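Asker: Keeping their order, the protein sequence lines are chains P and Z. With this note's numbering as the guide, the letters of the first sequence map in order to residues 73 to 475. With this note's numbering as the guide, the letters of the second sequence map in order to residues 73 to 475. Right, I'll just put the structure down here and ask away after.
There are 2 protein chains.
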Amino acid sequence: MRAGPSQDEIRRQNLGALLRHVHLHGATSRAELTTALGLNRSTIGALTADLAAAGLVSEGGGRETGRAGRPSLVVRPESQRVYAYALSIEVDQLRAARVGLGGRILDQRTADRPRGTLAAESVGPLAGFVKELHQAVPAGSVLVGSAVAVCGMVRRDDGMVRLGPTMGWVDEPLGPALAEALGPTLTEAFGNDRGVLVGNVSDLCALAEHARGAAVACDNVVYLYGDVGVGAGIIAGGRRVTGHGGYGGEVGHMVVHPGGRPCLCGSRGCWETEIGEHALVRAAGRTGAVGREAVLAVVDAADRGDSSAQLAIRQVGDWLGFGVANLVNIFNPETVIFGGTLRDVYLAAAAHVRSRLNSNALPACREHVRLRTPKLGDDAALIGAAELAFERLLADPLDATTG
Amino acid sequence: MRAGPSQDEIRRQNLGALLRHVHLHGATSRAELTTALGLNRSTIGALTADLAAAGLVSEGGGRETGRAGRPSLVVRPESQRVYAYALSIEVDQLRAARVGLGGRILDQRTADRPRGTLAAESVGPLAGFVKELHQAVPAGSVLVGSAVAVCGMVRRDDGMVRLGPTMGWVDEPLGPALAEALGPTLTEAFGNDRGVLVGNVSDLCALAEHARGAAVACDNVVYLYGDVGVGAGIIAGGRRVTGHGGYGGEVGHMVVHPGGRPCLCGSRGCWETEIGEHALVRAAGRTGAVGREAVLAVVDAADRGDSSAQLAIRQVGDWLGFGVANLVNIFNPETVIFGGTLRDVYLAAAAHVRSRLNSNALPACREHVRLRTPKLGDDAALIGAAELAFERLLADPLDATTG
C-alpha cells in the first residue's frame with residue numbers, strides 16, 4: 073500500500089539502478105545505459121557525475137563503436153577502489169575474500185575447517201584473514217560492507233545462526249562475534265551499524281548465480297547446495313524466498329522416505345539422509361571416508377567401473393531426482409542448479425536424475441526446466457556474500473558512502 | 073534494473089494505492105489515508121477528487137470522531153456501482169458472482185457440476201449465470217473485469233488450462249471459451265482485451281485470504297485447497313509464488329510415499345493420494361461415496377465414535393501433518409490455511425497434524441507458524457477471482473475505466 077516516491081527517492085532509486093547495472097554488467101556506454109534504464113541522456117549524465125564524484129564509478133576510454141564520430145563514453149564500476157569483505161564457513165573450509173564492486177575477487181584466503189569445531193574456532197581464523205587482506209588494501213580504497221555465508225539457519229533480523237545441524241551449532245551470534253573479532257577499525261569502516269551480515273550459504277549461492285552465473289535472467293531458480301546436509305536457495309518471480317524468519321529453503325529436511333534413516337535434525341527419512349555425502353559414501357560401502365574427497369572418490373570409482381560405486385551413484389541419483397521432482401512441482405522453476413557435492417553427484421548421475429524427474433514431475437511444471445551446474449563454481453558462496461554486503465550500497469549509493 | 077518512475081507514473085501509482093486502500097479496508101477518512109499512504113492532505117484531496125470524478129469512490133458522511141470540530145470526510149469504494157464478475161469451477165460445483173469493488177458479493181448463482189463433465193459443459197452454465205446476473209445490474213454500473221477460478225494448472229500467459237487431473241481436462245482454452253460464450257456485449261464491457269482471466273483455485277483462495285481473510289498482514293502464507301486433489305496457493309515475501317509458466321504450487325504431487333498408491337498424474341505416492349477425498353473415504357471403508365458430503369460423513373462418524381472413521385481421520389491427519397511439515401521446512405510460513413475438504417479434515421485431526429508437524433519440521437521453521445481455517449469459507453475462490461479481475465483497475469485506475 074506504498075504511495076509513489078518523492079523526487080529525492082526517485083533520484084536515489086535512479087542512482088542505485090545505474091550503479092547496479094554497471095555492478096552486474098561491467099563497463100557500459102552512456103548510450104547503453106540510456107536504453108537499459110529508460111532515462112534520457114542528460115539524466116544519465118547527471119547520475120554518472122554524482123556517482124563518479126562519490127568515487128563509485130569512473131568514466132572514460134570509450135570503446136570503439138565501429139561507426140564514425142566520437143566513441144561513447146564508458147561507465148565502469150570502481151572495482152579496485154570500492155570493495156566488500158566476503159566470508160564463507162563451509163563444513164570443511166573457511167574462506168575469506170576481498171571482492172571489488174562488480175563482483176571481482178581481488179584477493180582471498182582459504183583454510184581447512186576441522187569438522188566438529190565450534191563457531192568461535194571459525195571466527196578467529198576468519199578475522200585473521202580479513203586483517204591480512206586489509207593490510208594489502210591500496211590507500212584510498214573504500215570498504216562498503218561485509219558478509220558471511222554459513223551452512224546453517226540464519227535469523228533474518230539479526231543474523232543469529234539458530235541451527236547448523238551439519239556443524240553442530242546452536243544459537244551462535246555469528247555476526248556480532250565476527251564484528252567483535254574484527255575490531256572497531258574494520259567494523260566502523262563498514263559505514264553501517266549492522267556489522268557483519270550473515271546469510272545461509274544456499275541462499276547466497278543462489279543470489280550469486282542469479283546475479284552473474286548460471287541463472288542470469290531467470291526469475292525462478294532452485295539452487296541446491298549439498299555437503300553433509302542439503303539446502304536450497306530459492307528465487308521466485310525474481311525475488312529470494314526466505315520465509316517469515318529467514319529459515320526457508322530447508323529442502324534437505326523434506327521427508328521423502330517415511331520411516332527412513334534418522335537425520336541429524338531428529339526426524340527420519342529427510343532428503344539429505346538419501347543424497348548427502350554420508351548417503352553416497354555409505355551406499356558405496358566406504359564407511360569412514362568423509363568430505364568432498366570421499367564423494368569424488370566414489371564418482372571416480374564409478375567411472376572406472378567399480379560396481380558398488382556405480383550402484384551408489386544410481387541410487388543417490390534416483391533420490392536426487394526424486395526430491396528435485398517434488399521441488400519442480402512446487403516451484404515450476406526455469407533453472408535448477410546443483411552446487412557443492414551435489415554438482416559431482418549430478419554430473420555422474422544426470423540420466424538417473426532426469427529419468428526420475430520425468431516420471432515424478434508434472435509435464436507442465438518440468439517442460440522448460442534446465443538442470444545446471446554452478447557457473448561460479450566454488451566461488452559462488454563468496455560472490456553471494458559480497459552481493460549481500462553490496463546491497464545497501466546499491467539501494468542508496470550516496471547515503472551508504474557518506475553515512 | 074528499473075529506473076525511477078516519471079511524474080505521470082507516480083500519479084497513477086498514487087491513484088492505485090488510494091483505491092487499493094479503500095478496496096481492502098473500506099470507508100477510510102482522509103486523515104487516515106494521509107497516514108496510511110504517507111502523502112500530504114492536498115495530494116490525498118486531489119487523488120480522491122480524480123477517483124470520485126471517475127466514479128470509483130465517493131466522499132461524504134464523515135464518521136463521528138468523538139472529538140470537537142468537523143468530522144473528517146470519509147472515502148468509500150463505489151461497491152454498488154463498480155464491479156467484476158467472478159466465476160469458479162470446482163470439482164462438484166459451478167459458481168458465479170457479481171462482486172463489487174471492496175470485495176462485496178452483490179449477487180450470485182450456484183449449480184452442481186456432475187463429475188467427469190467436459191470444460192464446455194461448465195462454460196455454458198457459467199455464461200448463463202453471468203447473463204442472468206447482468207440483467208439485474210442497475211443502470212450506470214461499470215464492469216471492470218472478469219475472472220474464473222479453476223481446479224487445474226493454468227498457463228499464466230494466456231490462461232490455458234493445461235491439466236485439470238481431478239476433472240480430466242487437458243489443454244482447455246477456458247478464458248477464450250468463456251469470452252465467446254459471454255458474447256461481445258459482456259466482454260467489450262470489460263474494458264480490456266484480455267477477456268476472462270483464469271487462475272488456479274488455490275492461488276486465488278490464497279490471494280483472497282491474504283487480501284481480506286485469515287492471512288491479512290501475513291507475508292508468508294501456504295493456502296492448501298483439497299478436494300479429490302490437493303493444491304497450494306503460496307505467498308512468499310508478500311508476493312504470489314506461481315513459477316515460470318504459472319504452474320507452481322502443485323504440492324499435491326509432492327511424493328511423500330515412494331511406491332505408494334498410483335496418482336491421477338501418473339506418478340505414485342503423491343501427497344494427494346494420502347490426504348485427498350478418496351484417501352479418507354477409502355481409509356474409513358466407505359468406497360463408493362464421493363464429494364464433500366462423503367468427507368463430512370466420515371468426520372461425523374468419527375465424532376460419533378465410529379472406530380474405522382476415527383482411524384481414517386488419524387491416518388489422513390498424520391499424512392496431512394507430514395506434508396505440511398515439508399512445506400513448513402521449505403517456506404517457513406507464518407500461516408498455513410486448510411481450505412476445501414482439508415478444512416474438515418484439519419478440524420477433525422488438528423492434534424495429529426500438529427503432532428506430526430512438531431516431529432518432522434525444524435523448530436526454527438515452525439516456531440511462529442499458525443494453522444488456520446479459511447475466514448472467507450467457500451467464498452474464497454469467488455473473492456479471489458474478483459481480486460484477480462480488479463487487479464488491472466487497481467494498478468491504473470483511470471486508464472482501466474476510460475480505456
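Glycine included, C-beta positions come from ideal geometry on N, C-alpha and C. Here the structure is a predicted model, which is why all the values come from computation and not from measurement.
1) Flag this pair as touching only if the stretch 294-307 of chain Z and the stretch 271-282 of chain Z have three or more C-beta atom pairs under 8 Å; answer yes or no.
2) With DSSP collapsed to three states, give me the class of Y155 of chain Z.
3) Quick check: what's the CA-CA separation for R364 of chain P versus V273 of chain Z?
4) What did DSSP end up calling V370 of chain P once you bin it into helix, strand or coil?
5) In the DSSP assignment, the alpha helix (DSSP H) including N112 of chain P goes from what residue to what residue?
6) Go ahead and label P405 of chain P buried or exposed: buried means 16 or more other beta carbons lie within 10 angstroms of its beta carbon, across all protein chains shown.
7) What does S114 of chain Z reach in chain P if we use C-beta pairs closer than 7 Å?
8) Check this for me: beta carbons of L105 of chain P and H93 of chain P, under 8 Å apart or not?
9) Measuring CA to CA, which of Z:E344, Z:L336 and Z:G217 is closest to L63 of chain Z?
10) Skipping 5 residues on each side, what residues in its chain have a beta carbon closer than 7 Å to that of G377 of chain P?
11) With Y418 of chain P as the anchor, note down where its beta strand (DSSP E) starts and where it stops.
12) Let me see if you follow: with CB-CB separation under 8 Å, is R234 of chain P close to chain Z or not?
13) Hey, could you find the ends of the alpha helix (DSSP H) A355 of chain P is sitting in?
14) Which residues of the stretch 302-326 of chain P have a Cβ closer than 9 Å to any Cβ of chain Z? Give them in chain order.
15) Can you look up A126 of chain P in the DSSP assignment and give me helix, strand or coil?
16) Tell whether a beta-carbon distance below 8 Å holds between P245 of chain Z and M225 of chain Z.
17) Would you kindly check if the distance between the Cβ of A287 of chain Z and the Cβ of I409 of chain Z is under 8 Å?
18) S431 of chain P versus chain Z: which residues are under 7 Å apart at the beta carbon?
19) Pairing CB atoms from the stretch 309-324 of chain Z with CB atoms from the stretch 411-430 of chain Z, are three or more of them under 8 Å?
20) Suppose contacts are defined by Cβ-Cβ distances below 8 Å. Is A168 of chain P in contact with V202 of chain P by that definition?
21) Output needed for E459 of chain P: all residues of its chain with C-beta closer than 8 Å, excluding positions within five of it in sequence on either side, in chain order.
22) Please name the residue or residues paired with S218 of chain P in a DSSP beta bridge.
23) Checking the sheet assignment: what are the DSSP bridge partners for D184 of chain Z?
24) Please state whether DSSP places P77 of chain P in a helix, a strand or coil.
25) Looking at the structure shown, is N272 of chain P part of a helix, part of a strand, or coil, going by DSSP?
26) Taking the alpha carbon of L392 of chain Z as the reference point, which residue from P:L392, P:V220, P:I385 and P:V327 has its own alpha carbon closest?
27) Identify the contact partners of E406 of chain P in chain Z, using a Cβ-Cβ distance below 7 Å as the criterion.
28) Start and end of the beta strand (DSSP E) containing V313 of chain P?
29) Where does T445 of chain Z sit, in a helix, a strand or coil, going by DSSP?
30) Between A384 of chain Z and H325 of chain Z, what straight-line distance do the alpha-carbon atoms span, to the nearest angstrom?
31) Can you tell which of Z:N430, Z:G332, Z:T100 and Z:W241 has the C-alpha that lies nearest to the C-alpha of S130 of chain Z?
32) Can you give me the start and stop residues for the beta strand (DSSP E) that A55 of chain P sits inside?
33) Is there at least one Cβ from chain Z nearer than 8 Å to I402 of chain P's Cβ?
34) Taking only three categories from DSSP, how would you classify T407 of chain Z?
35) Does the count of Cβ pairs from the stretch 315-324 of chain Z and the stretch 432-439 of chain Z closer than 8 Å reach three?
Answerer: The answer reads as follows:
1) yes
2) In the second sequence, counting from the first residue as 1, residue 155 of chain Z sits at position 83. Under the three-state reduction of DSSP, Y155 of chain Z is assigned to strand.
3) Here residue 364 of chain P refers to the residue found at position 292 when the first sequence is read from its first residue. Here residue 273 of chain Z refers to the residue found at position 201 when the second sequence is read from its first residue. In a straight line, the C-alpha of R364 of chain P is about 45 Å away from that of V273 of chain Z.
4) To locate residue 370 of chain P, count along the first sequence from 1; it is residue 298. Of the three classes helix, strand and coil, the one that applies to V370 of chain P here is helix, per DSSP.
5) In the first sequence, counting from the first residue as 1, residue 112 of chain P sits at position 40. Per DSSP, N112 of chain P belongs to no alpha helix (DSSP H) and is neither H nor E.
6) The residue given as residue 405 of chain P occupies position 333 in the first sequence. Counting Cβ neighbours within 10 Å, P405 of chain P comes out buried, since at least 16 surround it.
7) Residue mapping note: residue 114 of chain Z aligns to position 42 of the second sequence, counting from 1. Against chain P, a Cβ distance below 7 Å from S114 of chain Z picks out nothing, because the smallest value is about 14 Å.
8) Position 33 of the first sequence, counted from the start, is the residue given in the question as residue 105 of chain P. Position 21 of the first sequence, counted from the start, is the residue given in the question as residue 93 of chain P. Against a cut-off of 8 Å, the Cβ pair of H93 of chain P and L105 of chain P comes out as a contact.
9) Lying before the first or after the last residue shown, residue 63 of chain Z is absent from chain Z, which here runs from 73 to 475.
10) Here residue 377 of chain P corresponds to residue number 305 of the first sequence, with the count starting at 1. Cβ neighbours of G377 of chain P beyond the five flanking positions: none.
11) The residue given as residue 418 of chain P occupies position 346 in the first sequence. Premise fails: Y418 of chain P lies in the alpha helix (DSSP H), T413 to N432, not in any beta strand (DSSP E).
12) Against the first sequence, residue 234 of chain P aligns to sequence position 162. For R234 of chain P, at least one C-beta of chain Z is nearer than 8 Å to its own C-beta.
13) Residue mapping note: residue 355 of chain P aligns to position 283 of the first sequence, counting from 1. E349 to A355 is the span of the alpha helix (DSSP H), which, as asked, contains A355 of chain P.
14) Of all residues in the stretch 302-326 of chain P, A304, I306, A308, G309, R311, R312, V313, T314, G315, H316, G317, G318, Y319, G320, G321, E322, V323, G324, H325 and M326 have a Cβ within less than 9 Å of some Cβ in chain Z.
15) In the first sequence, counting from the first residue as 1, residue 126 of chain P sits at position 54. Residue state for A126 of chain P is assigned as coil, using DSSP reduced to three classes.
16) Within the second sequence, numbered from 1, the residue matching residue 245 of chain Z stands at position 173. Within the second sequence, numbered from 1, the residue matching residue 225 of chain Z stands at position 153. In this structure, M225 of chain Z does not lie closer than 8 Å to P245 of chain Z by Cβ.
17) Within the second sequence, the letter at position 337 stands for residue 409 of chain Z. Within the second sequence, the letter at position 215 stands for residue 287 of chain Z. Their beta carbons are under 8 Å apart, which means I409 of chain Z touches A287 of chain Z by this criterion.
18) Counting from one through the first sequence, the residue named residue 431 of chain P turns up at place 359. Going along chain Z in sequence order, the residues near S431 of chain P (Cβ under 7 Å) are S339.
19) no
20) If you number the first sequence from 1, residue 168 of chain P lands on position 96. If you number the first sequence from 1, residue 202 of chain P lands on position 130. A contact, by the Cβ cut-off of 8 Å.
21) Taking the first sequence and counting its residues from 1, one reaches residue 459 of chain P at position 387. G175, L276, L279, A280 and A283, listed in sequence order.
22) If you number the first sequence from 1, residue 218 of chain P lands on position 146. Beta-bridge pairing links S218 of chain P to P:Y157.
23) Walking along the second sequence from the start, residue 184 of chain Z turns up at place 112. BP columns for D184 of chain Z point to Z:Q165.
24) Translated into positions along the first sequence, residue 77 of chain P becomes position 5. P77 of chain P: coil per DSSP, three-state reduction.
25) Walking along the first sequence from the start, residue 272 of chain P turns up at place 200. Strand.
26) Working through the second sequence from its first residue, we reach residue 392 of chain Z at position 320. Here the closest residue by C-alpha is P:V327.
27) Position 334 of the first sequence holds residue 406 of chain P. Here the neighbours are H316.
28) Counting from 1 along the first sequence, the entry for residue 313 of chain P is found at position 241. Taken as a continuous stretch (DSSP letters only), the beta strand (DSSP E) holding V313 of chain P covers R311 to V313.
29) By one-based count along the second sequence, residue 445 of chain Z stands at place 373. Three-state DSSP puts T445 of chain Z in coil, outside helix and strand.
30) For this step, residue 384 of chain Z is matched to residue 312 along the second sequence. For this step, residue 325 of chain Z is matched to residue 253 along the second sequence. Spanning the two alpha carbons is a distance of roughly 21 Å.
31) Working through the second sequence from its first residue, we reach residue 130 of chain Z at position 58. When only C-alpha atoms are compared, the closest one is Z:T100.
32) Since the first residue of chain P shown is 73 and the last is 475, residue 55 of chain P is not available in this structure.
33) Reading the first sequence from its first residue, position 330 is the one you call residue 402 of chain P. Nearest CB-CB separation between I402 of chain P and chain Z: below the 8 Å threshold.
34) As a first step, residue 407 of chain Z is located in the second sequence; it is residue number 335 there, counting from the start. In the structure shown, T407 of chain Z sits in a strand (DSSP, three-state: E or B).
35) Taking 8 Å as the limit for Cβ pairs, the verdict is that the stretch 432-439 of chain Z does not touch the stretch 315-324 of chain Z.
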